[in-house]
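Contents: one structure, followed by commentary.
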Amino acid sequence: MKTDNASGKTTIPAYCEKCEQEMFYLSDDLEGSYFLACPHCRFETSCVWCSNCGMGGPFIREIEKRPQSWQCPDCESQHSLSFRFYDTPIILLREGDLPSKIRWGHRVSKLLVLLVTFLGLAAFIFLFFSIVVILRN
Ligand SMILES: [Zn+2]
Ligand SMILES: [Zn+2]
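The sequence shown runs 179 to 315 under the working numbering.
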């Protein structure tokens, strides 16, 4: 299992449709099923995993009616939810709400991607010009 901070929890992205923003939640079980709530706009969503085909996502329909089961959109198998599923919503966090340690991790990984892209581009340009020079000689 992939963990990216010292507490052993993983930050998982989830989309808030009302804030139109990518949010995150902290989880210690990557394939756990969660009832998620946005504290900014009270949008409710879910992240559930299909044990049959391994798909995960916001698959609970009409969540405001608190259904006790859901159907996988991929393999159409039915899954039931525990009675306590809606008791404790997991609060979604904006990137700015994340603990600073994790936030820095995100920034560092973004910087790394930028650096790798830049180096790749530089190598390509260098290669291109050396080929041009070789062909001219
Ligand atoms: Zn929201
Ligand atoms: Zn499935």
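Ideal placement from N, C-alpha and C gives every residue a C-beta, glycine not left out.
Top-ranked residue by Cα proximity to residue i, from the options
i, options, result
"TYR193", "PHE307, TRP227, THR223", "THR223"
"PRO267", "PHE237, SER211, CYS197, HIS284", "SER211"
"GLY186", "CYS197, LEU204, GLU200", "LEU204"
"ARG272", "THR295, ALA215, LEU208, ASP206", "ALA215"
"GLN256", "LEU276, ARG239, PHE304", "ARG239"
"ASP207", "GLY298, SER308, GLU254, TRP227", "TRP227"
Residue i: CB within 8 Å of a non-hydrogen atom of ligand 2
i, result
"SER255", "yes"
"CYS228", "yes"
"CYS225", "no"
"CYS250", "yes"
"CYS219", "no"
heavy atom of ligand 1 below 8 Å from residue i C-beta
i, result
"LEU276", "no"
"LYS288", "no"
"GLN199", "yes"
Beta carbon of residue i nearer than 9 Å to that of residue j
i, j, result
"GLY235", "CYS225", "yes"
"GLN249", "LEU259", "no"
"PRO251", "PHE263", "no"
"PRO217", "ILE280", "no"
CB-CB length for residue i against residue j, believed under 8 Å
i, j, result
"GLU195", "PHE221", "6 Å"
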